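In the working numbering, the protein residues as written are 20 to 94.
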């Protein structure tokens, strides 16, 4: 993927322009992911699911496996 500017410039600019807040991984998220049942095997998706649970947030994904975790999924 080619970006119109250097990564170090482009990403922070887009975060600001689009009011996007970066959600860092916390110990709480890791605690939740460790307790999740293995409906989904992808570790990165499992981390996103854990963040959605811990932060009580809706998640955007086309993956129907996310629904097994009782989270609000859009798409």
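The beta-carbon is built from N, C-alpha and C at its ideal position, and this holds for glycine as well. No experiment lies behind these values; they were computed from the predicted model shown.
Between which two residues does the alpha helix (DSSP H) harbouring residue 29 extend? 26 to 36
State the Cα-Cα distance for the pair residue 43 and residue 52, rounded to the nearest angstrom. 14 Å
To the nearest angstrom, report how far apart residue 77 and residue 93 are at their CA atoms. 7 Å
Cα-Cα separation between residue 61 and residue 83, rounded to whole angstroms: 13 Å
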